[in-house]
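In my numbering, the protein residues as written are 26 to 192. C-beta: ideal position from N, C-alpha, C; glycine also. Taking it in order: structure first as structure tokens, then the write-up.
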């Protein structure tokens, strides 16, 4: 019998949440706001991180992405990156596209690919890129710069300038 047909993604997803994401977010000072939602204050900025599951998931395949929101405490400034790519260097995104067939979603679809997803993708993205970047965004001035650069570059708010990502 084909093992691929027997694969169930849900236990792997639950393991990912319970054994990696929940402890990691707690260690980084985030409070759990919902099953897939964490929140943290960083200076003058509130950080919201939501894990978004695809509507096209099946028993054998779970796609998920991280939606990250930044806002000041008064709610006057806000930035929402609906894809992880907004918080990753372009070289990392290119590497993921070439080596992991990255399309903006993390994918659990085979047991023998799960360790690669966890160790080569998610851990590196969060611990080496996303959390260090979010730590830098701690004032209204920085958030205002992000919002104005996003409008200037894209006409929207979904852009973090390289000088903030890589300074």
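Same chain, Cβ closer than 8 Å to residue i, five either side skipped, listed in chain order
i, result
"residue 160", "67"
"residue 55", "63, 64, 65, 72 and 74"
"residue 86", "34, 132, 133 and 134"
Per DSSP, cross-strand counterpart(s) of residue i
i, result
"residue 193", "With the chain running from 26 to 192 in the structure shown, residue 193 is simply not present."
"residue 88", "132"
"residue 117", "Paired residues: none, contrary to the question."
"residue 64", "56 and 73"
"residue 78", "89"
Residue i burial status per 10 Å Cβ neighbour count (16 or more: buried)
i, result
"residue 111", "buried"
"residue 150", "buried"
"residue 101", "exposed"
"residue 148", "exposed"
"residue 144", "exposed"
"residue 109", "buried"
"residue 33", "exposed"
"residue 121", "buried"
Run of the alpha helix (DSSP H) containing residue i, from where it starts to where it stops
i, result
"residue 159", "156-161"
"residue 39", "34-40"
Continuous beta strand (DSSP E) stretch holding residue i: start and end
i, result
"residue 57", "56-59"
Cutoff 7 Å; reference residue i; Cβ partners in own chain excluding five residues on either side
i, result
"residue 165", "69, 97 and 102"
"residue 58", "64"
"residue 168", "70, 95, 97, 102, 104 and 162"
Neighbourhood of residue i by C-beta, 6 Å cutoff - its chain only, sequence neighbours within 5 removed
i, result
"residue 89", "76, 78 and 131"
Do the segment 116-128 and the segment 69-81 touch if we need at least three Cβ pairs shorter than 8 Å?
-> no
Contact the segment 81-99 vs the segment 48-60: 3+ CB pairs below 8 Å = no
Per the contact definition of three or more C-beta pairs closer than 8 Å, is the segment 31-40 in contact with the segment 133-151?
-> yes
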